[in-house]
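Read the structure below first, then the notes.
Protein chains in written order, with this note's numbering: chain A, 1356 to 1674; chain B, 1356 to 1674.
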């Protein structure tokens, strides 16, 4: 059996899993990233964890996913704010230390690849994964290939415009999806309704301390019947609907999967998104697409990273 | 020298050109489509015109572009309103009659392919062509490949949402780009300003008959300094800017080319589009992209069709 290592490099932890060629996780390990100690330390931590988890077994390839902008060909992290990385080489030092082929990819792209090959998107040719967390990102598989663009800066659905003259965003734009449908956006919207004097049962839980408000709390209250929470989730879902109609009319996909923390809201979120797409997307595209929750859960990051290794090794063989 | 035939099937005319392998037009012929006489007649007209123009020379492959939704693999036109086509086989009857490989593609996709290989987009890997006419369409080359999607219904930029609760569109959606930035949208906007009592020098030309208003006239007046015409073109450009920011943040392309009748407005249209993208797209993506006018002009349709033949033959060889 061929064994692959998937490395999910995050701001806090490095998660490493060994998988087989079908993305099934065999074993898993976590190590602190220690980004504050510099990129060389982070790379040492990755090398150490991969060596440790392999336990002498032969690993066919390593997939590494990192936040930020990645030069996929060179395996360099051009920029990642939460790692404090700027032009950090990843592929070369890892290959030198491990003597295994290493492939680097952006984390959302890797998650999309994993979900497409081994999760909800299996069997499709055109697949979109949207991740709703504190930020909003996406990865797109078009005609059986992950799209990369000029600088591997594709599928920034969180910064597509859903409100022409809307809220100013820290990307420099205005009216970006991320301002409305991220966890942060949902909390902001709830605060604004509360400030206007609206009643919600969340107020009892947070006891006047609005900093304790979370999107998870609002989703929970919505599920329990709180009208204002339902209103807020519905608005966030409609804005997500706008961005997804645009993606559905642009990529004509078979499937859109929604993942990330906000997706835990489940049907309360996905139902209005589905309705919005049915009523607003073009007929052929609306009929072709199904909207589902992502399925890989906790292991999405490492399975995505392993998928990068598996797919890349296949491509190298094909050449 | 290898010779290719490009057939541009339109509602009124069939345009056929012979080109070399670099998309250079050698000769050109036009024949009425006669769509009202049925699809069999249309196919006969194509066959006759291709035979006539070839004059016995060997043609390596035929590229045919058609409006509407095309099944590219089967070479079938699934639906094209202005041809009155529904599930019309094109590839098979043409190949049988001509004994040459025939490849069928949607007209906007073909134009994008032509502009990418032989026009403004040469040398890029990520390229978007937007066509602004009575409708608005696009074709997208992502990582060196024209994207097709599940049903070859991709890149419908004209039906991406630029105004969440905007004008109802005949696609069933609302706030679609096509309602604002097409020739039709520009004329509608001007009429609304005039109805409110605004002054424009176009009124002298149309002598009270608002049905004589055209987008070309408005663009001309804008260039000549008419303030209201400038305002209308600027608004149309801003809406186009919204849709293009979304495409630029999604595809991270090197180039966006703007073609079609409305593009004849030139700088008056493209300048505010460029400014909008600079100020609203993400930094990396905004830096990577240049916005230009399409360059193939009158022959765009037939060169695009020929490009489909040239690219498809290449792909067949590669397999």
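Glycine included, C-beta positions come from ideal geometry on N, C-alpha and C.
Cβ closer than 8 Å: which chain B residues qualify as neighbours of residue 1576 of chain A? The residue given as residue 1576 of chain A occupies position 221 in the first chain. Within chain B, no residue comes near residue 1576 of chain A; the closest Cβ sits about 25 Å away, beyond 8 Å.
Can you tell me whether residue 1385 of chain B is helix, strand or coil according to DSSP? Reading the second chain from its first residue, position 30 is the one you call residue 1385 of chain B. The answer is strand: DSSP assigns residue 1385 of chain B an E or B state.
Is it true that the CB of residue 1527 of chain B sits closer than 7 Å to the CB of residue 1519 of chain B? Here residue 1519 of chain B is taken as the residue at index 164 of the second chain, counted from 1. Here residue 1527 of chain B is taken as the residue at index 172 of the second chain, counted from 1. In this structure, residue 1527 of chain B does not lie closer than 7 Å to residue 1519 of chain B by Cβ.
Residue 1364 of chain A versus residue 1426 of chain A: straight-line alpha-carbon distance, rounded: Stepping through the first chain from its first residue, residue 1364 of chain A is reached at position 9. Stepping through the first chain from its first residue, residue 1426 of chain A is reached at position 71. Going by the C-alpha atoms only, they are around 16 Å apart.
I want to know whether the stretch 1483 to 1497 of chain B touches the stretch 1602 to 1618 of chain B - three or more CB-CB distances under 8 Å. Touching, yes, given that three or more Cβ pairs across the two stretches are closer than 8 Å.
Closer than 9 Å by beta-carbon distance: list the chain B residues that pair up with residue 1482 of chain A, in chain order. Stepping through the first chain from its first residue, residue 1482 of chain A is reached at position 127. Result: empty, since nearest Cβ-Cβ is about 10 Å, beyond 9 Å.
Buried or exposed for residue 1392 of chain B, please, with buried defined as at least 16 other CB atoms from any protein chain shown within 10 angstroms of its CB. Within the second chain, the letter at position 37 stands for residue 1392 of chain B. Exposed, by the Cβ-count rule.
Along the chain, where does the alpha helix (DSSP H) containing residue 1461 of chain B start, and where does it finish? Along the second chain, read from residue 1 onward, the residue named residue 1461 of chain B stands at position 106. Where residue 1461 of chain B is concerned, there is no enclosing alpha helix (DSSP H), although the beta strand (DSSP E) around it starts and stops at 1457 to 1461.
Using a Cβ-Cβ distance under 7 Å, would residue 1561 of chain A count as near chain B? For the purposes of this step, residue 1561 of chain A is taken as the residue at position 206 of the first chain. Not one chain B Cβ lies under 7 Å of residue 1561 of chain A.
Would you call the CB atoms of residue 1373 of chain A and residue 1408 of chain A closer than 7 Å? Start at 1 with the first residue of the first chain, and residue 1373 of chain A comes out as number 18. Start at 1 with the first residue of the first chain, and residue 1408 of chain A comes out as number 53. Closer than 7 Å, so yes.
Name the DSSP beta bridge partners of residue 1420 of chain A, please? Within the first chain, numbered from 1, the residue matching residue 1420 of chain A stands at position 65. For residue 1420 of chain A, which the question treats as bridged, DSSP gives the partners A:1363 and A:1460.
Considering Cα atoms alone, identify which of B:1481, B:1421, B:1433 and B:1410 is closest to residue 1453 of chain B. Here the question's residue 1453 of chain B lines up with position 98 in the second chain. Comparing Cα-Cα distances from residue 1453 of chain B to each of B:1481, B:1421, B:1433 and B:1410, the minimum goes to B:1410.
Other residues of its chain near residue 1404 of chain B: CB distance less than 7 Å, five sequence neighbours each side excluded: Counting from one through the second chain, the residue named residue 1404 of chain B turns up at place 49. Within the same chain, residue 1404 of chain B has close Cβ partners 1369, 1371, 1384 and 1386.
Compare the Cα-Cα distances from residue 1459 of chain B to each of B:1466, B:1430 and B:1438 and report the closest residue. Position 104 of the second chain, counted from the start, is the residue given in the question as residue 1459 of chain B. Of the candidates B:1466, B:1430 and B:1438, the one whose C-alpha sits nearest the C-alpha of residue 1459 of chain B is B:1430.
In three-state terms, what does DSSP make of residue 1357 of chain B? Taking the second chain and counting its residues from 1, the one referred to as residue 1357 of chain B is at position 2. Residue 1357 of chain B falls in the coil class under three-state DSSP.
Length of the line joining the Cα atoms of residue 1546 of chain A and residue 1467 of chain B: In the first chain, residue 1546 of chain A corresponds to position 191, counting from 1. In the second chain, residue 1467 of chain B corresponds to position 112, counting from 1. Each residue's alpha carbon lies about 46 Å from the other.
I need the boundaries of the alpha helix (DSSP H) containing residue 1591 of chain B, first residue and last residue. Position 236 of the second chain, counted from the start, is the residue given in the question as residue 1591 of chain B. If you look at residue 1591 of chain B, you'll find it in the alpha helix (DSSP H) that goes 1582 to 1606.
Could you check the C-alpha separation between residue 1574 of chain B and residue 1631 of chain B for me, to the nearest Å? Stepping through the second chain from its first residue, residue 1574 of chain B is reached at position 219. Stepping through the second chain from its first residue, residue 1631 of chain B is reached at position 276. Answer to the nearest angstrom: the Cα atoms are 19 Å apart.
Looking only at C-alpha atoms, which of A:1549, A:1556 and A:1517 sits nearest to residue 1592 of chain A? Locating residue 1592 of chain A in the first chain gives position 237, where the first residue counts as 1. Nearest C-alpha to residue 1592 of chain A: A:1517.
Measuring CB atoms only, is the stretch 1493 to 1501 of chain B touching the stretch 1552 to 1567 of chain B, in the sense that at least three cross pairs come out at less than 8 Å? Inter-segment contact for the stretch 1493 to 1501 of chain B and the stretch 1552 to 1567 of chain B is absent: fewer than three beta-carbon pairs are separated by less than 8 Å.
Please list, in chain order, the residues of the stretch 1629 to 1640 of chain B that have any C-beta partner in chain A closer than 9 Å. Going along the stretch 1629 to 1640 of chain B in chain order, one finds 1634, 1635, 1636, 1637, 1638, 1639 and 1640 with a Cβ nearer than 9 Å to chain A.
Regarding residue 1437 of chain B and the ligand HEM, is the C-beta to nearest heavy atom distance less than 6 Å? Among the components of this structure there are no ligands whatsoever, and the ligand HEM is therefore not found.
Which chain B residues are close to residue 1601 of chain A, counting only those with a beta carbon under 7 Å from its beta carbon? Here residue 1601 of chain A refers to the residue found at position 246 when the first chain is read from its first residue. Result: 1515, 1516 and 1601.
Tell me, which residues are paired with residue 1473 of chain B by DSSP? For the purposes of this step, residue 1473 of chain B is identified with residue 118 of the second chain, where counting begins at 1. Looking at the DSSP assignment, residue 1473 of chain B forms no beta bridge with any residue, so it has no partner.
Candidates B:1582, B:1542, B:1539 and B:1660: which alpha carbon is nearest residue 1556 of chain B's? On the second chain, residue 1556 of chain B is found 201 positions in, with the first residue counted as 1. It is B:1582 whose Cα lies nearest to the Cα of residue 1556 of chain B.
The stretch 1595 to 1624 of chain A: which residues have C-beta closer than 7 Å to a C-beta of chain B, in chain order? Shown in chain order are the members of the stretch 1595 to 1624 of chain A whose Cβ falls below 7 Å from a Cβ of chain B: 1597, 1600, 1601, 1604, 1605, 1606, 1607, 1608 and 1609.
Which whole-angstrom value is the C-beta distance of residue 1513 of chain A and residue 1606 of chain B, which I expect to be below 8 Å? Your numbering for residue 1513 of chain A matches position 158 in the first chain. Your numbering for residue 1606 of chain B matches position 251 in the second chain. A Cβ-Cβ distance of about 15 Å is found for the pair residue 1513 of chain A and residue 1606 of chain B, leaving them out of contact under the 8 Å criterion.
With a 10 Å radius around its C-beta and 16 neighbouring C-beta atoms as the bar for buried, classify residue 1406 of chain B as buried or exposed. Looking up residue 1406 of chain B in the second chain gives position 51. Counting C-beta atoms within 10 angstroms of its own C-beta, residue 1406 of chain B has fewer than 16 neighbours from the protein chains shown and is therefore classed as exposed.
In its own chain, which residues sit with a C-beta less than 6 Å from the C-beta of residue 1523 of chain A, not counting the 5 before and 5 after it? For the purposes of this step, residue 1523 of chain A is identified with residue 168 of the first chain, where counting begins at 1. For residue 1523 of chain A, where only same-chain residues beyond five positions count, the Cβ hits under 6 Å are 1529.
Considering residue 1540 of chain B, what are the terminal residues of the alpha helix (DSSP H) in which it resides? For the purposes of this step, residue 1540 of chain B is identified with residue 185 of the second chain, where counting begins at 1. For residue 1540 of chain B, the uninterrupted alpha helix (DSSP H) segment begins and ends at 1538 to 1550.
Near-chain B residues of the stretch 1452 to 1467 of chain A (beta-carbon distance less than 7 Å), N- to C-terminal order: Close to chain B, meaning a Cβ-Cβ distance shorter than 7 Å, is no residue of the stretch 1452 to 1467 of chain A at all.
In three-state terms, what does DSSP make of residue 1481 of chain A? Your numbering for residue 1481 of chain A matches position 126 in the first chain. Of the three classes helix, strand and coil, the one that applies to residue 1481 of chain A here is coil, per DSSP.
Selection from A:1654, A:1480 and A:1423 that minimises the alpha carbon distance to residue 1380 of chain A: Residue 1380 of chain A sits at position 25 when you count from the first residue of the first chain. The shortest Cα separation from residue 1380 of chain A among A:1654, A:1480 and A:1423 belongs to A:1654.
Using the beta-carbon count (16 or more within 10 Å), is residue 1656 of chain A buried or exposed? Residue 1656 of chain A sits at position 301 when you count from the first residue of the first chain. Counting Cβ neighbours within 10 Å, residue 1656 of chain A comes out buried, since at least 16 surround it.
Chain E partners of residue 1519 of chain A, CB-CB under 7 Å? Here the protein chains are A and B, and chain E is not one of them.
Give the straight-line distance between the Cα atoms of residue 1598 of chain B and residue 1396 of chain A, rounded to the nearest whole angstrom. Taking the first residue of the second chain as 1, we reach residue 1598 of chain B at position 243. Taking the first residue of the first chain as 1, we reach residue 1396 of chain A at position 41. Residue 1396 of chain A has its alpha-carbon roughly 43 Å from the corresponding atom of residue 1598 of chain B.
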